[in-house]
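Structure first, then comments.
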Amino acid sequence: MSTTNGMIGKSVKRVEDKRFITGKGRYTDDIVLPLQTYACFVRSPYAHAKIVGVDLEVAKAMPGVVAIYTGADVAAINGVPCGWQVNFKNGDTMKEPKHALLVEDKARYVGDAVAVVIAETREQAKDAAQMVLVDYEELPVTVDAAKAVKPGAPLVHDLAPNNICFDWELGNPKEEVDQALADAAHLTTLEFVNQRVVPNAIEPRSYNAAYDAVSEKYTLYTSTQNPHVIRLLMCAFVLGIPEHKVRVVGPDVGGGFGSKIFHYPEEALLTWATKNINRPIKWTAERTESFLTDAHGRDHVTKAEMGFDTTGKILGLRVKTYANLGAYLSTFGPCVPTYLHGTLLQGLYTTPKINVDVTGVFTNTTPVDAYRGAGRPEATYLLERLMDLAAHEMEMDPAELRLRNFIPPFDGVEQPGFQTQVALQYDSGNYEGVLTKGLEMLGYKEFRQKQQEAAQNGKLLGVGFSTYIEACGIAPSAVVGSLGARAGLFEVGQVRVQPTGKVSVFTGSHAHGQGHETTFAQVVASKLGIPMEDIDIVHGDTDSVAFGMGTYGSRSLAVGGSAIIRSLEKIIEKGKKIAAHRLEANADDMEFEHGQFTVKGTDKSVSFGDVALTAYVPHIYPKDLEPGLDFSSFYDPANFTYPFGCHIAVVEVEKDTGKVALQRFIAVDDVGNIINPMIVEGQIHGGVAQGVGQALFEGAEYDSNGQLTNATYMDYCMPRADDFPLFETATQVTPCPHNPLGVKGAGEAGTIGSTPAVVNAVIDALWSGGHQVKDIRMPLTSERVWRAMQTPVNT
Amino acid sequence: MIPVAFEYKKVSSVEEALTSLASGGEGKLLAGGYSLIPAMKLRLNQPALLIDIGDIPALKGIREEDGEIVINAGTTHNDILHNDLIQQHLPFFHEAAKMIGDEQVRNRGTMGGSLAHADPAADWPALVLAADANIELAGTSGKRTLKATEFFTGLFSTELQENEIITAIRVPIPAEGSKSVYLKFENPASRFAIVGCAVLRLPDGRINIAFTGVADFAFRDAGAEKAVSGKTMDDAAMQEAQTAAVVGVDILSDNFASAEYRKHLAKVYLKRALQAVM
Numbered sequence: 025m026s027t028t029n030g031m032i033g034k035s036v037k038r039v040e041d042k043r044f045i046t047g048k049g050r051y052t053d054d055i056v057l058p059l060q061t062y063a064c065f066v067r068s069p070y071a072h073a074k075i076v077g078v079d080l081e082v083a084k085a086m087p088g089v090v091a092i093y094t095g096a097d098v099a100a101i102n103g104v105p106c107g108w109q110v111n112f113k114n115g116d117t118m119k120e121p122k123h124a125l126l127v128e129d130k131a132r133y134v135g136d137a138v139a140v141v142i143a144e145t146r147e148q149a150k151d152a153a154q155m156v157l158v159d160y161e162e163l164p165v166t167v168d169a170a171k172a173v174k175p176g177a178p179l180v181h182d183l184a185p186n187n188i189c190f191d192w193e194l195g196n197p198k199e200e201v202d203q204a205l206a207d208a209a210h211l212t213t214l215e216f217v218n219q220r221v222v223p224n225a226i227e228p229r230s231y232n233a234a235y236d237a238v239s240e241k242y243t244l245y246t247s248t249q250n251p252h253v254i255r256l257l258m259c260a261f262v263l264g265i266p267e268h269k270v271r272v273v274g275p276d277v278g279g280g281f282g283s284k285i286f287h288y289p290e291e292a293l294l295t296w297a298t299k300n301i302n303r304p305i306k307w308t309a310e311r312t313e314s315f316l317t318d319a320h321g322r323d324h325v326t327k328a329e330m331g332f333d334t335t336g337k338i339l340g341l342r343v344k345t346y347a348n349l350g351a352y353l354s355t356f357g358p359c360v361p362t363y364l365h366g367t368l369l370q371g372l373y374t375t376p377k378i379n380v381d382v383t384g385v386f387t388n389t390t391p392v393d394a395y396r397g398a399g400r401p402e403a404t405y406l407l408e409r410l411m412d413l414a415a416h417e418m419e420m421d422p423a424e425l426r427l428r429n430f431i432p433p434f435d436g437v438e439q440p441g442f443q444t445q446v447a448l449q450y451d452s453g454n455y456e457g458v459l460t461k462g463l464e465m466l467g468y469k470e471f472r473q474k475q476q477e478a479a480q481n482g483k484l485l486g487v488g489f490s491t492y493i494e495a496c497g498i499a500p501s502a503v504v505g506s507l508g509a510r511a512g513l514f515e516v517g518q519v520r521v522q523p524t525g526k527v528s529v530f531t532g533s534h535a536h537g538q539g540h541e542t543t544f545a546q547v548v549a550s551k552l553g554i555p556m557e558d559i560d561i562v563h564g565d566t567d568s569v570a571f572g573m574g575t576y577g578s579r580s581l582a583v584g585g586s587a588i589i590r591s592l593e594k595i596i597e598k599g600k601k602i603a604a605h606r607l608e609a610n611a612d613d614m615e616f617e618h619g620q621f622t623v624k625g626t627d628k629s630v631s632f633g634d635v636a637l638t639a640y641v642p643h644i645y646p647k648d649l650e651p652g653l654d655f656s657s658f659y660d661p662a663n664f665t666y667p668f669g670c671h672i673a674v675v676e677v678e679k680d681t682g683k684v685a686l687q688r689f690i691a692v693d694d695v696g697n698i699i700n701p702m703i704v705e706g707q708i709h710g711g712v713a714q715g716v717g718q719a720l721f722e723g724a725e726y727d728s729n730g731q732l733t734n735a736t737y738m739d740y741c742m743p744r745a746d747d748f749p750l751f752e753t754a755t756q757v758t759p760c761p762h763n764p765l766g767v768k769g770a771g772e773a774g775t776i777g778s779t780p781a782v783v784n785a786v787i788d789a790l791w792s793g794g795h796q797v798k799d800i801r802m803p804l805t806s807e808r809v810w811r812a813m814q815t816p817v818n819t
Numbered sequence: 015m016i017p018v019a020f021e022y023k024k025v026s027s028v029e030e031a032l033t034s035l036a037s038g039g040e041g042k043l044l045a046g047g048y049s050l051i052p053a054m055k056l057r058l059n060q061p062a063l064l065i066d067i068g069d070i071p072a073l074k075g076i077r078e079e080d081g082e083i084v085i086n087a088g089t090t091h092n093d094i095l096h097n098d099l100i101q102q103h104l105p106f107f108h109e110a111a112k113m114i115g116d117e118q119v120r121n122r123g124t125m126g127g128s129l130a131h132a133d134p135a136a137d138w139p140a141l142v143l144a145a146d147a148n149i150e151l152a153g154t155s156g157k158r159t160l161k162a163t164e165f166f167t168g169l170f171s172t173e174l175q176e177n178e179i180i181t182a183i184r185v186p187i188p189a190e191g192s193k194s195v196y197l198k199f200e201n202p203a204s205r206f207a208i209v210g211c212a213v214l215r216l217p218d219g220r221i222n223i224a225f226t227g228v229a230d231f232a233f234r235d236a237g238a239e240k241a242v243s244g245k246t247m248d249d250a251a252m253q254e255a256q257t258a259a260v261v262g263v264d265i266l267s268d269n270f271a272s273a274e275y276r277k278h279l280a281k282v283y284l285k286r287a288l289q290a291v292m
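So the protein sequences, as listed, match chains A and B. Just so you know, we're using my numbering here: the first sequence kicks off at 25 and counts up by one. Just so you know, we're using my numbering here: the second sequence kicks off at 15 and counts up by one.
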């Protein structure tokens with residue numbers, strides 16, 4: 025393996041894959057502790073029901089039962105908190121009902137936990153749970169956000185009239201936007217649903233909580249994306265137990281997509297209960313339980329209007345969204361449809377007037393929170409659907425329409441960042457670049473020719489565009505604080521050089537599929553000029569890592585990687601002092617390259633390994649310097665990062681069935697500098713599959729009784745490899761100007777960009793056949809597309 | 015995904031299986047298990063006793079006998095897929111086997127299990143119906159043979175009695191010059207049939223048409239058959255067949271396909287199937 029500065033930009037194979045693909049990963053469910061017990065939750069089969077009584081007599085007598093708890097047992101304990109506060113327009117704080125560990129009064133969604141049974145074995149727990157007899161009194165149900173706010177709709181929480189959690193607005197004053205739209209030569213209006221999706225991490229949620237009566241210390245193994253955040257929320261806000269007495273470990277985690285950011289009631293409940301029974305308790309969700317209780321994503325009902333002048337220049341954008349928050353506030357539920365959605369409605373365009381109005385709504389459904397992309401896919405879907413539809417309506421070319429409205433290129437250094445109408449300042453961008461590249465890869469002219477010929481032969485071909493931007497590297501603490509975050513969003517990176525020159529890196533970010541152990545090691549190897557094998561990346565354990573905010577929002581490398589860079593800089597600076605002393609030179613005259621400290625302009629040098637040893641065996645050592653070579657940094661970035669790109673989908677629609685075949689998918693992404701191109705491409709592939717999944721296959725279907733009718737893989741359609749063509753990917757590099765690596769983040773780009781491209785392509789195909797359709801509700805099942813084609817043909 | 019506790023008994027002959035079935039208690043036969051086990055894991059099915067007939071030698075294998083292809087009931091989908099007799103005489107069975115589940119399912123699942131389970135969207139029912147197959151049953155009181163057209167009676171229900179086992183499926187070898195096809199519009203999630211259409215066209219002009227996925231159980235479409243049998247297959251005949259198809263049938267409806275759309279698909283797939291056998 026190559027060892028020096030050249031490691032950055034290399035497609036190094038992922039070091040973690042050996043254990044994953046040979047089945048040697050160690051996930052929470054693999055951990056069995058001495059005297060292990062197992063939990064099974066009794067969950068409400070009704071979406072809204074008063075709990076009249078719970079009869080435990082039969083269940084308690086079942087074999088192997090250790091303990092059973094109900095809502096009454098935990099009534100005095102706080103619920104799990106919400107980590108983000110969104111205020112009403114009038115300044116009132118959002119409605120924040122208790123999210124109890126077990127419900128006492130009534131169940132508010134199918135899956136709401138009413139009781140927990142703890143037994144010697146998983147099977148015994150399950151059998152006994154079936155014998156917990158709950159007397160429910162069914163109540164009327166509300167599931168649709170736009171309907172739940174209407175007078176007379178059933179109330180989910182008494183403290184939230186009309187089921188409204190908050191109403192919120194951002195951007196220019198509404199009157200200014202109204203005026204801009206009134207003055208427009210053309211107004212494109214789109215009413216649509218961005219449907220609810222289920223995260224479906226391959227590893228279900230799993231927790232194993234233990235208590236040691238001697239040290240009075242708790243350990244919680246949890247399938248989480250952010251162990252320190254879980255510890256903080258659980259200790260400080262729920263259980264009131266001292267943080268230094270709690271160790272939270274997120275071992276190998278099999279995918280999260282956002283759903284494992286949040287602090288769930290089961291985590292706190294198990295941690296509370298383990299002390300009571302003085303034995304470890306494990307719970308792993310069954311698949312249908314995951315469908316019912318992992319926080320869902322999206323679920324917006326939106327009306328969006330965009331006004332254009334006669335040349336196609338955008339004059340204004342007005343958006344009204346009802347965001348379904350589910351039955352309770354999940355950890356970041358309120359932030360997703362507001363600060364991660366409304367703030368992105370500038371898109372890549374110079375739109376001078378924007379107003380977005382969002383109502384957050386409680387319903388009798390599973391809580392909704394961040395799901396890969398979180399708010400930004402919803403914003404991108406809204407804008408990019410509008411752009412393609414407007415192009416159709418104005419008989420303009422959709423690529424040309426975008427080129428007329430793009431913000432001109434800026435690098436954020438020579439040219440300043442771009443201030444949007446919706447609170448953000450973009451860091452750097454070259455938006456024409458990615459579209460131009462995408463059109464080249466597509467062979468746009470030839471495609472339109474082919475499309476015309478196909479239409480003449482009765483075939484429906486379509487192309488759809490999506491030019492997206494996202495705000496990533498979720499950070500600056502001061503900014504997010506001012507927007508309602510109840511936590512900082514910095515990251516911690518500690519670099520410990522061992523006496524032999526081997527390096528342990530402790531990062532507060534967490535890998536659950538991203539490949540940190542490879543990417544971060546490449547960064548460190550390059551900076552220190554040592555082999556990757558000499559570097560260990562440690563994450564996921566609050567006892568090892570000083571602190572951390574975790575992994576989400578494509579922030580690991582931009583924020584977590586930058587923290588590591590800061591510590592590496594401190595290591596090198598101290599190393600120079602040690603080396604200078606050994607070489608009898610001045611520290612200012614030292615330079616460090618390829619693992620050697622050298623006196624500038626001489627051949628006098630000492631290796632990194634020697635300096636490390638000297639730091640720990642400080643016999644010949646500067647008087648005023650502490651021994652050791654170990655630094656920690658808290659990195660709080662100056663701004664978000666703003667990756668962007670252009671996604672293009674080509675589809676064929678079967679006329680007599682409405683079946684959609686995705687023929688090509690082109691993704692040109694600009695994620696700033698790239699450390700490992702293979703990992704970035706992998707992230708794009710996975711993200712695109714997920715985004716296309718939402719466009720064509722996935723969607724949580726609640727019936728009017730609040731039953732999730734597709735809570736198994738027989739019914740909920742996940743995308744599969746044979747649904748896809750080979751993706752055609754390319755990258756453009758516009759470095760981030762404000763972090764040391766110049767990176768922007770790649771984890772969500774695929775999901776954010778791809779969904780509207782596919783839907784636009786299907787609609788373009790239909791227009792090519794004369795069906796002037798504005799919208800087809802996602803997922804674009806064959807039936808929905810077929811129905812759209814039953815409309816009269818316009819020729 | 016934990017079933018209720020159950021007893022398990024592995025048997026090595028049909029007689030032993032029948033004795034176990036008759037011995038009282040709620041015995042349930044386990045063949046490949048790819049329908050039963052998931053239902054048990056979801057606790058939708060809670061048998062007290064599982065009688066494993068998966069390794070009974072007499073229930074395996076395919077042979078030619080008296081102008082029929084005899085498929086023993088325990089033969090797996092993959093064994094059918096890779097069998098030369100099937101490929102030669104019943105090419106639409108070969109095609110259908112390819113479309114069932116995935117490799118794991120095809121390695122475990124059996125034709126007898128599929129017919130006994132009678133999932134409204136399973137593939138084999140359409141095939142045995144179109145092929146005019148007979149289904150051999152063994153019970154404690156002896157053997158009997160049912161026509162496929164008499165076998166299916168409702169949603170997950172058949173003429174099979176609680177103390178009976180399907181032992182074989184006897185499929186008449188279609189006369190020289192016959193043409194057959196099986197086409198399927200898949201549910202994108204489960205890949206079961208939303209509409210499956212099996213058509214066998216015999217040299218004497220008869221055309222057998224069977225649908226699966228459309229209604230509570232697979233059926234022969236007499237109306238469509240009448241419209242096309244013995245006719246020259248021109249546009250008018252095709253139109254007539256489509257008009258006559260799936261009439262008087264209670265059509266299924268779900269998240270993926272409403273009754274109206276399913277009915278439309280049945281007609282589209284009928285047309286494609288008829289075109290394929292012309």
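Glycine included, C-beta positions come from ideal geometry on N, C-alpha and C. Computed from a prediction, not measured in an experiment: that's the story for all the values here.
message = Quick check on Ile644 of chain A: buried or exposed, where buried means 16 or more other Cβ atoms within 10 Å of its Cβ?
response = exposed
request  = Anything in chain B within Cβ reach of Thr61 of chain A, meaning under 9 angstroms, just list it in chain order.
outcome  = By Cβ distance, chain B contributes nothing, its closest Cβ being about 15 angstroms from Thr61 of chain A, past 9 angstroms.
inquiry  = Quick check for students: name the residue ranges of the beta strand (DSSP E) that lie wholly in the segment 370-406 of chain A, counting only runs of 3 or more.
reply    = 378-386
query = If you run the structure through DSSP and keep just helix, strand and coil, what is Met25 of chain A?
reply = Any reading at Met25 of chain A needs caution, since the residue's pLDDT is 35, under 50, leaving its predicted position unreliable; the model's value is listed next. In the structure shown, Met25 of chain A sits in coil (DSSP, three-state: anything other than H, G, I, E or B).
message = Check whether the segment 246-263 of chain B and the segment 192-199 of chain B are in contact - that is, three or more C-beta pairs closer than 8 angstroms.
response = no
query = Given that Trp810 of chain A touches chain B, what residues does it touch there, using C-beta distances under 8 angstroms?
reply = Tyr275 and His278
request  = For Thr27 of chain A, collect the residues of the same chain with a Cβ closer than 6 angstroms to its Cβ; drop the 5 residues on either side in sequence, then sort them by chain order.
outcome  = Bear in mind that a pLDDT of 40 at Thr27 of chain A, under 50, signals an unreliable position, so the number given afterwards is only what the model happens to contain. Once the five neighbours on either side are set aside, the close Cβ partners of Thr27 of chain A are Pro555.
inquiry  = Let's see if you can read the secondary structure: which residues bound the alpha helix (DSSP H) around His108 of chain B?
reply    = Pro105 to Lys112
request  = Starting from Val519 of chain A, trace the beta strand (DSSP E) both ways and give me its first and last residue.
outcome  = Glu515 to Val521
query = For Ala713 of chain A, does the three-state DSSP call read helix, strand or coil?
reply = helix
8 angstroms Cβ cutoff, Ala287 of chain B in contact with chain A = no
query = Is Arg811 of chain A helix, strand or coil by DSSP?
reply = helix
ask   = Going straight from the alpha carbon of Gly723 of chain A to that of Ala398 of chain A, what length do you get?
value = 16 angstroms
task = Answer with buried or exposed for Met802 of chain A, where buried requires no fewer than 16 other C-beta atoms within 10 angstroms of its C-beta.
result = buried
request  = Check whether the segment 469-477 of chain A touches the segment 630-646 of chain A, taking contact to mean three or more Cβ pairs, one atom from each stretch, closer than 8 angstroms.
outcome  = no
Which of helix, strand or coil DSSP assigns to Ala139 of chain A = strand
query = Which full runs of the beta strand (DSSP E) of 3+ residues lie inside the segment 188-237 of chain B, going along the chain?
reply = 193-200, 207-215 and 221-226
ask   = What is the DSSP secondary structure of Ile32 of chain A, reduced to helix, strand or coil?
value = coil
key: Residue interval of the alpha helix (DSSP H) (run including Phe616 of chain A)   = Taken as a continuous stretch (DSSP letters only), Phe616 of chain A belongs to no alpha helix (DSSP H), being part of the beta strand (DSSP E) at Met614 to Glu617.
task = Kindly indicate which residue of B:Asn222, B:Arg234 and B:Asp230 has the alpha-carbon position closest to the one of Ser243 of chain B.
result = B:Asn222
Val25 of chain B - DSSP class collapsed to helix/strand/coil = coil
ask   = Given that a residue counts as buried once 16 or more other Cβ atoms are within 10 Å of its Cβ, and exposed if not, what is Pro289 of chain A?
value = buried
request  = Just the chain A side, please: which residues come within less than 8 angstroms of Asn59 of chain B by C-beta, in chain order?
outcome  = None at all; the shortest Cβ gap to chain A is about 15 angstroms.
request  = For the beta strand (DSSP E) containing Asn86 of chain B, list its first residue and its last residue.
outcome  = Glu82 to Asn86
query = If we ignore side chains and look at the alpha-carbon of each, how far apart do Gly280 of chain A and Leu353 of chain A end up?
reply = 19 angstroms
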